[in-house]
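K.L.:
Every letter in the sequence shown is one number past the one before it in this note's numbering, and letter 280, counting from 1, is 283. Quick one: the structure is below, and I'll ask about it shortly.
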Amino acid sequence: MLIRSPQDWELPESAATPERDYDLRSLGRREFLKTAGLGLATAALAGRPAFATTAGFPTKVNPDYRDAALKPTAYELITSYNNFYEFGTDKADPKPNANKGWKTEPWTVEITGLVRNPAKIDANDLVAKMGGAEQRVYRFRCVEAWSMVIPWDGFPLAKLIAWADPKPEAKFVTFTTVLDPKNIPGQRRGTLEWPYLEALRLDESNHELAFMATGIYGRPIPNQNGAPLRLVVPWKYGFKCGKSIVKINFVAKQPRNTWNVMAADEYGFYANVNPTVDHPRWSQASERVIGGGGLLGTRQKTLMFNGYEKQCAALYKGMDLRKYY
Ligand code: MTE
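Set out below in structure tokens:
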């Protein structure tokens with residue numbers, strides 16, 4: 004029998020939420036204390052923030068992307084329970100570690116590759132060029148089987164693509180996270196292949212739901228969530244949503260993406276949320292709702308394409324969705 008020795012970067016089985024409902028016994032002590040503490044902190048955080056420092060704020064709610072049935076996760080939870088391996092592999096690591104002198108303003112984004120209008124542009128100028136920011140409330144589902152509901156501020160990725168004006172040969176778009184090992188501690192270790200790189204097909208990128216987020220709850224996006232600009236693709240597992248983007252590259256061939264490079268048998272290129280296809284080490288049939296219901300979170304069934312099947316299924320017509328692409 005083959006015995007697998009876990010790698011440094013590997014998601015531990017404990018990262019995935021077990022199938023049974025969480026209770027005091029199934030929660031690790033550390034996580035329980037964290038969750039309980041956050042619940043109390045959340046109660047103390049009342050109302051909407053008032054400051055508006057970065058371009059595009061305050062934002063306007065787009066009513067077309069605000070489902071009344073979705074209850075947004077508390078701001079405190081969204082911004083303190085994070086995956087950002089550049090700043091540590093524990094959920095609580097990114098918040099303190101990404102706010103110890105790492106600067107995300109000013110910030111330049113490069114738009115390059117098979118486009119007629121390549122650019123190197125300041126992030127604030129880019130938001131202004133895109134006509135400012137709007138707010139949309141999306142479901143967010145991590146491959147580790149937990150979920151949140153997040154009010155994102157930002158602009159549709161399709162607007163950026165129209166501005167970049169891709170050439171006919173462009174078929175895929177890559178999103179590269181900043182590489183700055185001097186100021187990003189995790190990049191001084193080989194946890195993942197750096198810089199973190201994610202990619203979409205061009206038609207996926209042009210889908211109306213694909214979004215470039217610059218804020219959360221009407222505030223500029225915090226460093227730990229991927230300041231100043233991060234991708235949001237709500238029908239895919241969260242690892243497709245690259246953070247702190249410095250380069251958007253239009254290419255002809257399907258590129259490698261970080262998690263697929265690290266573990267091709269566990270993470271595909273498409274990574275569409277699909278409750279009928281399990282991760283090799285855990286079920287994807289349901290998810291733990293962070294902050295949902297009570298201090299311990301509640302479970303709910305995972306929906307095909309994370310609830311966006313009607314809008315997104317056509318993108319994958321003719322593809323075998325059970326296949327691990
Ligand atoms: N982007 C970078 N650069 N590094 C990361 O480690 N983690 C991904 C994704 N984007 C990650 C990343 C994963 S696994 C998830 S679930 C989401 O970011 C988490 O986003 P959040 O912390 O804002 O909830």
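Just so it is clear, CB atoms sit at the ideal spot from N, CA and C, and this is done for glycine as well. Every value quoted in this text rests on a predicted model; they were computed, and no experiment measured them.
Run the proximity test for ASN102: is its beta-carbon closer than 6 Å to any non-hydrogen atom belonging to the ligand MTE?
P.N.:
No; taking the cut-off as 6 Å, the Cβ of ASN102 has no heavy atom of the ligand MTE nearer than that.
K.L.:
Can you tell me where the beta strand (DSSP E) holding SER150 begins and where it ends?
P.N.:
Run containing SER150: 149-159, per the beta strand (DSSP E) assignment.
K.L.:
Can you name the residues that DSSP bridges to ASP125?
P.N.:
DSSP, once it has assigned bridges, lists THR111 as partnering ASP125.
K.L.:
When the Cβ atoms of the stretch 274-281 are set against those of the stretch 304-315, are three or more pairs found closer than 8 Å?
P.N.:
With a cut-off of 8 Å, the stretch 304-315 and the stretch 274-281 count as touching, because enough Cβ pairs lie within range.
K.L.:
Who are the near neighbours of ALA317 in its chain, counting only those whose CB is closer than 6 Å to its CB and skipping five residues on each side?
P.N.:
Correct list: empty, nothing qualifies.
K.L.:
Helix, strand or coil for VAL276? Go by DSSP, reduced to three states.
P.N.:
Reduced to three states, the DSSP call for VAL276 is coil.
K.L.:
What does ALA77 pair with, by DSSP beta-bridge criteria?
P.N.:
Answer is none; ALA77 lacks a bridge partner.
K.L.:
Flag GLY245 as yes when its Cβ comes closer than 6 Å to any non-hydrogen atom of the ligand MTE, and as no otherwise.
P.N.:
The answer is yes for GLY245.
K.L.:
Report whether the distance from the Cβ of ASN260 to the nearest heavy atom of the ligand MTE is below 6 Å.
P.N.:
False, no ligand heavy atom lies under 6 Å from that Cβ.
K.L.:
Tell me whether the beta-carbon of PHE253 lies closer than 7 Å to the beta-carbon of ALA173.
P.N.:
Closer than 7 Å, so yes.
K.L.:
Tell me which residues share the same chain as ASP268 and place their Cβ nearer than 7 Å to its Cβ, disregarding the 5 neighbours each side in the sequence.
P.N.:
Same-chain partners within the cutoff: PRO283.
K.L.:
The alpha helix (DSSP H) with THR261 in it runs from where to where?
P.N.:
Residues 261-265.
K.L.:
Bridge partners of LYS63, per DSSP?
P.N.:
According to DSSP, LYS63 bridges with GLU137.
K.L.:
According to the Cβ coordinates, are LYS191 and PRO198 closer than 7 Å?
P.N.:
The sequence given here has Arg at residue 191, not Lys. No; because the gap between Cβ atoms is not below 7 Å, this pair is not in contact.
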